[in-house]
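Okay, so here's the structure we're looking at.
In this note's numbering, the protein residues as written are 196 to 579.
Here it is as structure tokens:
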């Protein structure tokens with residue numbers, strides 16, 4: 196009798212198990228094949244929906260990156276000039292490059308028909324930025340600002356003078372021209388052309404160039420909370436008054452460390468004129484007389500070389516040797532440190548100061564006697 200539970204002669208053992216293994220191998224192979232085909236199809240599809248140029252580019256194009264522009268907006272600007280083949284190609288390149296957020300506002304010279312990644316690299320390289328670089332040092336007067344801009348842009352100086360006649364049109368808010376002493380203000384651009392290094396976009400006219408500088412001034416004063424801090428002070432002071440004080444500090448102090456102390460001398464003279472100065476708020480600053488001379492087309496003079504008639508010239512509104520209070524306007528364009536000194540002067544009882552050595556450092560005094568000693572030191576050092 197044959198036992199049916201025993202395998203038949205000639206048949207392999209575990210036949211059913213072998214069939215299952217073969218099927219699994221076949222299934223895995225099929226999955227891999229299908230997956231490979233799907234991956235290839237996806238890559239082909241991705242390349243199809245994200246077209247990108249293959250070459251390094253050719254020719255030349257100029258594109259503008261606007262303030263606040265997203266990668267999509269920049270990609271659109273590039274695509275419009277045929278720099279990149281698609282907006283998405285640039286967005287993909289930007290997402291893959293963490294430095295893409297460092298692209299600066301401005302105009303750039305790039306190539307046409309570039310790989311998106313190459314276009315991105317060109318935008319990150321400031322050597323490709325198209326601009327006119329102008330550096331305005333702290334303490335530069337508007338007269339010299341106009342000359343510097345004219346030289347750099349080949350726009351006539353007269354265009355800047357004409358544009359400056361209406362500071363409000365250039366972006367200076369009306370409230371800036373209010374004085375604490377109630378005197379009528381003749382609106383001047385002086386003080387509002389913030390000293391800095393600028394990269395001006397091509398094609399700007401005189402008014403637009405000055406407007407850029409005014410906006411920088413407003414940005415900096417907002418950053419240091421200038422208006423609020425001045426208005427919170429106990430003195431009857433306006434932001435315009437403080438701007439004038441900042442311009443005086445910038446012009447009078449030889450080093451930035453002395454700005455707050457010079458500001459205190461001006462505050463004391465203006466708001467607490469004591470016996471040492473005859474109880475009159477008279478600043479007696481040569482730099483203001485010089486500004487009046489420049490307005491008349493004359494060259495400024497070194498301190499101490501002004502003539503007696505110039506010191507006694509009552510027709511010069513900027514003559515603070517005769518006139519009480521602040522001058523009619525700022526006399527220069529102060530930087531951030533001078534603005535901060537004007538809004539927060541140092542503590543002290545000084546009424547006088549004098550440069551005492553070649554470094555520009557000043558010595559400060561509360562009395563005439565102290566001041567005379569400081570003047571002797573200045574003479575000994577060849578500073579006076």
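For glycine and all other residues, C-beta sits at the position ideal for the given N, C-alpha and C.
Keep in mind it's a predicted model, so treat the numbers as computed, not measured.
As the crow flies, the alpha-carbon of residue 508 is around 7 Å from that of residue 514. Per the DSSP secondary-structure output, residue 392 pairs in a beta bridge with 330. Separation of the CB atoms of residue 262 and residue 300 is rounded to 5 Å, and the pair is thereby assigned contact status at 8 Å. For residue 456, the uninterrupted alpha helix (DSSP H) segment begins and ends at 454-466. Apart from the 5 residues on each side of it in sequence, residue 454 sits with its Cβ closer than 6 Å to the Cβ of 444, 448, 532, 533 and 536 in its chain, given in chain order.
Beta-bridge pairing by DSSP links residue 301 to 260. Put simply, the backbone Cα of residue 511 is about 10 Å away from that of residue 485.
Residue 308 sits in coil when the DSSP states are folded into three classes, being neither helix nor strand. Contact annotation: the region 305-312 touches the region 271-290, with at least three C-beta pairs closer than 8 Å. Nearest Cα to residue 386 within the set 354, 475 and 527: 527. Within its own chain, the residues whose Cβ lies closer than 6 Å to the Cβ of residue 516, once the five positions on either side in sequence are excluded, are 479 and 506, listed in chain order.
Judged by their CB atoms, residue 383 and residue 362 are nearer to each other than the 8 Å cut-off.
A distance below 8 Å separates the beta carbons of residue 285 and residue 311. Between residue 408 and residue 389, the C-beta gap is smaller than 8 Å, which places the two residues in contact. Residue 458 and residue 547 have their C-alpha atoms roughly 11 Å apart. The beta-carbon distance between residue 314 and residue 295, rounded to whole angstroms, is 11 Å. This is too long to meet the 8 Å contact definition. Counting the other Cβ atoms within 10 Å of the Cβ of residue 433 gives 16 or more, which makes it buried. Taking C-beta atoms under 8 Å as the contact rule, residue 329 and residue 347 qualify, at a distance of about 5 Å.
Between residue 331 and residue 400, the C-beta spacing is not below 8 Å. Ranking 523, 553 and 567 by CA distance to the CA of residue 376 puts 523 first. Here residue 422 carries a helix assignment [DSSP, helix/strand/coil].
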